[in-house]
Amino acid sequence: MSKNILVTGGAGFIGSHIVEEAVNRGYNTLVLDDLSTGKKENLEHLPQDSYRLIQGDIRDNNLINQVFKDNAINCVFHEAAIASVQKSITDPENTYSINVEGTRNVFEAAVDHGVERVVFASSAAVYGDDPKIPKVEDMSPKPISPYGEHKLENEKMAAKLSLKGSTKFVALRYFNVYGLRQDPASEYSGVISIFINRILSGQKITIYGDGKQTRDFVYVKDVVAANYLVAEKIARGFAIFNVGTGLQTDLNELVGIIFSLSSNVDNIKYELSRAGDIRHSLADIINLRRETGYKFDYEIKNGLSQLISHK
Ligand SMILES: NC(=O)c1ccc[n+]([C@@H]2O[C@H](COP(=O)([O-])OP(=O)(O)OC[C@H]3O[C@@H](n4cnc5c(N)ncnc54)[C@H](O)[C@@H]3O)[C@@H](O)[C@H]2O)c1
Numbered sequence: 215m216s217k218n219i220l221v222t223g224g225a226g227f228i229g230s231h232i233v234e235e236a237v238n239r240g241y242n243t244l245v246l247d248d249l250s251t252g253k254k255e256n257l258e259h260l261p262q263d264s265y266r267l268i269q270g271d272i273r274d275n276n277l278i279n280q281v282f283k284d285n286a287i288n289c290v291f292h293e294a295a296i297a298s299v300q301k302s303i304t305d306p307e308n309t310y311s312i313n314v315e316g317t318r319n320v321f322e323a324a325v326d327h328g329v330e331r332v333v334f335a336s337s338a339a340v341y342g343d344d345p346k347i348p349k350v351e352d353m354s355p356k357p358i359s360p361y362g363e364h365k366l367e368n369e370k371m372a373a374k375l376s377l378k379g380s381t382k383f384v385a386l387r388y389f390n391v392y393g394l395r396q397d398p399a400s401e402y403s404g405v406i407s408i409f410i411n412r413i414l415s416g417q418k419i420t421i422y423g424d425g426k427q428t429r430d431f432v433y434v435k436d437v438v439a440a441n442y443l444v445a446e447k448i449a450r451g452f453a454i455f456n457v458g459t460g461l462q463t464d465l466n467e468l469v470g471i472i473f474s475l476s477s478n479v480d481n482i483k484y485e486l487s488r489a490g491d492i493r494h495s496l497a498d499i500i501n502l503r504r505e506t507g508y509k510f511d512y513e514i515k516n517g518l519s520q521l522i523s524h525k
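Numbering (my numbering), first residue to last: 215 to 525.
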């Protein structure tokens, strides 16, 4: 893979891990982030001169074009977004302007400047609440939130643009990603970072419903591996892949593991399930495995134990 990398949203949770990998590989690494939910501290463990951070908004089309013009970017990992289903419901216009219009700026500039490849964060949210599992990429998408609709629109946009120029696009439909630097303070954060934070500090946790709802939890390092694999191996103009483990974990099991890895006693409150919560979510990762050799390294216990050991 070529060496000038741009990571949008690179100061965020997943983006900072993609940046870390680019730096480890010795790539020229540029980060574009408006620091709305991302933080400079997420990159502070890296040598200061190993990457460059531009603080800016993907909605600023002039800035985006300038960035591509000045930097001969070969590969973009596009992670910048409002990564919250709830926020897309309470603030749909602002979310649309970032997740769709901002993404369009990045995609179009990439094509106009002849970037070889764009790998971008889509989401399992495009599948919606269709009860059929596992989710396979060719199932017809039925998003039930503006966030899911926006991610689907990104995919359609990329498919169209891939016919226009030489830029190749890959959409990665992430399932439930967890790992270091996921912000537990955010009310929109992933359930794992919230549970770990509360359990390690001795607080009660709340499970909505019976706790038998399942998710496909994927450790952030496996998500990073999937990003680089598709960047290196997928040769066609447009492709979509699920990124998960293909394994289901229910919430009771999840908190059981966290309690067993911490020294705290179970302290769980069950409340009525929340409207709109999806019962089961599971990725089919056969296509990703077949086309790239992807093999996840972290089953839930290993991922949680590595995460807790960093706390
Ligand atoms: N975390 C998950 O489980 C998950 C699941 C599916 C998809 N995703 C997608 O993965 C990507 C990364 O999510 P994350 O969990 O790391 O969230 P995050 O909030 O930590 O990262 C998003 C980053 O984008 C930046 N950003 C937001 N708006 C911007 C703008 N207008 N211009 C420039 N930068 C902007 C933020 O400051 C932040 O650093 C997002 O596209 C998200 O939708 C995440």
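Even for Gly, the Cβ is constructed at its ideal location relative to N, Cα and C.
Proximity test, residue i beta-carbon vs ligand 1 heavy atom, cut-off 7 angstroms
i	result
Arg429	no
Asp480	no
Phe227	yes
Ala439	no
Ala297	yes
Ile219	no
Ile410	no
Ser407	no
Tyr388	yes
Residue i (DSSP reduced to helix, strand or coil)
i	result
Lys365	helix
Gln280	helix
Glu258	coil
Glu446	helix
Lys515	helix
Leu246	strand
Val479	coil
Arg266	strand
Thr420	strand
Residue i classed as buried or exposed, judged by whether at least 16 other C-beta atoms fall within 10 angstroms
i	result
His165	As displayed, the chain neither begins before 215 nor continues past 525, which places residue 165 out of reach and without an answer.
Arg450	exposed
Lys382	buried
Ser477	exposed
Ser376	buried
Thr420	exposed
Asn308	exposed
Start and end residues, alpha helix (DSSP H) containing residue i
i	result
Arg412	Val405 to Leu414
Ser474	Leu465 to Leu475
Arg331	Careful: Arg331 lies outside any alpha helix (DSSP H), inside the beta strand (DSSP E) at Arg331 to Ser337.
Residue i: CB within 7 angstroms of a non-hydrogen atom of ligand 2
i	result
Glu293	Of the ligands this structure carries, namely ligand 1, none is ligand 2.
N- and C-terminal bounds of the beta strand (DSSP E) containing residue i
i	result
Lys483	Ile482 to Glu485
Which residues DSSP lists as bridging residue i, in chain order
i	result
Leu220	Leu244 and Val290
Ala385	Phe334 and Ile454
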